[in-house]
Amino acid sequence: MNRRRLLLGLLALVLVMFLVACQSRAIPQPILTAHFIDVGQGDSILLQAGKMNVLIDAGEREMGERVVAYLRAEGVKSIDLLIATHPHADHIGGLAAVMASFPVRRIIDSGQVHTSQTFLNYLRLVDDKKIPFETPNAQVVELAAGVTLRVIGPRQAYDGLNDGSVVALVTAEQVSLLLTGDMEERAERDLVAAGGIAAQILKVGHHGSSTSSTRGFLQMVRPQVAIISVGQGNPYGHPAEPVLARLRESGADIYRTDVHGTVVLRTDGAKFSIKTQRRTR
Numbered sequence: 004m005n006r007r008r009l010l011l012g013l014l015a016l017v018l019v020m021f022l023v024a025c026q027s028r029a030i031p032q033p034i035l036t037a038h039f040i041d042v043g044q045g046d047s048i049l050l051q052a053g054k055m056n057v058l059i060d061a062g063e064r065e066m067g068e069r070v071v072a073y074l075r076a077e078g079v080k081s082i083d084l085l086i087a088t089h090p091h092a093d094h095i096g097g098l099a100a101v102m103a104s105f106p107v108r109r110i111i112d113s114g115q116v117h118t119s120q121t122f123l124n125y126l127r128l129v130d131d132k133k134i135p136f137e138t139p140n141a142q143v144v145e146l147a148a149g150v151t152l153r154v155i156g157p158r159q160a161y162d163g164l165n166d167g168s169v170v171a172l173v174t175a176e177q178v179s180l181l182l183t184g185d186m187e188e189r190a191e192r193d194l195v196a197a198g199g200i201a202a203q204i205l206k207v208g209h210h211g212s213s214t215s216s217t218r219g220f221l222q223m224v225r226p227q228v229a230i231i232s233v234g235q236g237n238p239y240g241h242p243a244e245p246v247l248a249r250l251r252e253s254g255a256d257i258y259r260t261d262v263h264g265t266v267v268l269r270t271d272g273a274k275f276s277i278k279t280q281r282r283t284r
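The numbering used here puts the first residue of the sequence shown at 4, with every later residue one more than the last.
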């Protein structure tokens, strides 16, 4: 009898622990949802907080309709803020389809110029639609109660377009996301010199290229989760193995769009959950 009571007691304890664990992972009422959309070798991030929709980049031109379809599936009717991190085609190419499909209320652009037809088409659309356009100036955008987006980079003008990427720190109460565009080593050093930037979630710079995610930068940020937006079988060797090693060394769980597909993060401001399009186990 005593043995049966002991077993029942242990079973009840395990059940309670299981329920608590499940509750700790579930985010029934997120104050921020971040979608790292699989656009192959490129970047596209949708942030949703309250009634606000923020889109950061949209991949290559041929990925534009994929991004549009994803936004529609998530109930997006308009884009309150569009951030073009820098003028490379794998970040702004899909914006033409996005701007043709949704009203855009405001753009923050890196302010860098490029001679590509992709960039010229993007500028022409912005002008035709008369979208308010600004360059990085330490903007602070309140997305919802307790949720802000701060533009923290670039810290200066750089020769390279990647280092000149718009860098955003998104804070949802106690949970922060650092979104880095294609920022490389020099811009990382400048952020480290400024100091005081930590985030549980890091969007890894430049698709996991060896030119980014330096050890000093990772030691400052201390990410728990690292998300790499990268294409399957890309010709650049992204993500670089030394970068993956440094991320593992930092203790971060690594998610890759080439492996996991679209990655969706939800947070209630205290804890966060991650759901992926594809399971790997």
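Positions of the beta carbon are idealized from the N, C-alpha and C atoms, including for glycine.
In this text the structure is predicted, and so the values were computed from the model without any measurement.
Entirely enclosed beta strand (DSSP E) segments - the stretch 27-106, minimum 3 residues: 35-39, 48-52, 55-59 and 84-87
Per DSSP, the bridge partner or partners of E145: T151
Whose CA, out of L205, D83 and A92, lies closest to the CA of I110? D83
Taking three-plus beta-carbon pairs below 8 Å as touching, is the stretch 220-227 in contact with the stretch 199-206? They touch, by the three-pair rule.
Measure from the alpha carbon of L35 to the alpha carbon of each residue in R158, E188, L146 and F122, then state which is nearest. L146
S27 versus R281 - alpha carbon distance: In this prediction, S27 has a pLDDT of 38, which is less than 50 and means its spatial position is unreliable; nothing more can be read from the coordinates.
Name, in chain order, the residues that DSSP records as bridge partners for I257. A229
The stretch 41-59 contacting the stretch 234-245, beta-carbon criterion three pairs below 8 Å: yes
Tell me whether T121 sits in a helix, a strand or coil according to DSSP, three-state version. Correct three-state label for T121: helix.
Can you give me the C-alpha to C-alpha distance between V169 and P31, rounded to a whole angstrom? 31 Å
Between the stretch 98-109 and the stretch 134-153, do at least 3 Cβ pairs fall closer than 8 Å? yes
Could you check whether L74 and L49 sit closer than 8 Å to each other, using their CB atoms as the reference points? yes
Skipping 5 residues on each side, what residues in its chain have a beta carbon closer than 6 Å to that of Y161? G167
V170 - containing beta strand (DSSP E), residue span: V170 to A175
Residue environment, G240, which counts as buried when at least 16 other CB atoms sit within 10 Å: exposed
Tell me the DSSP secondary structure of R269 in three-state form. Of the three classes helix, strand and coil, the one that applies to R269 here is strand, per DSSP.
Through-space distance from S81 to V262, alpha-carbon basis: 30 Å
Just the C-alpha distance for V23 and F275, rounded to the nearest angstrom, thanks. Low confidence applies to V23: its pLDDT is 35, below 50, so where it sits in the model is not reliable, and the reading given next is rough at best. Rounded to whole angstroms, V23 to F275 spans 15 Å at the Cα level.
Quick one, are the C-beta atoms of A87 and S113 less than 8 Å apart? yes
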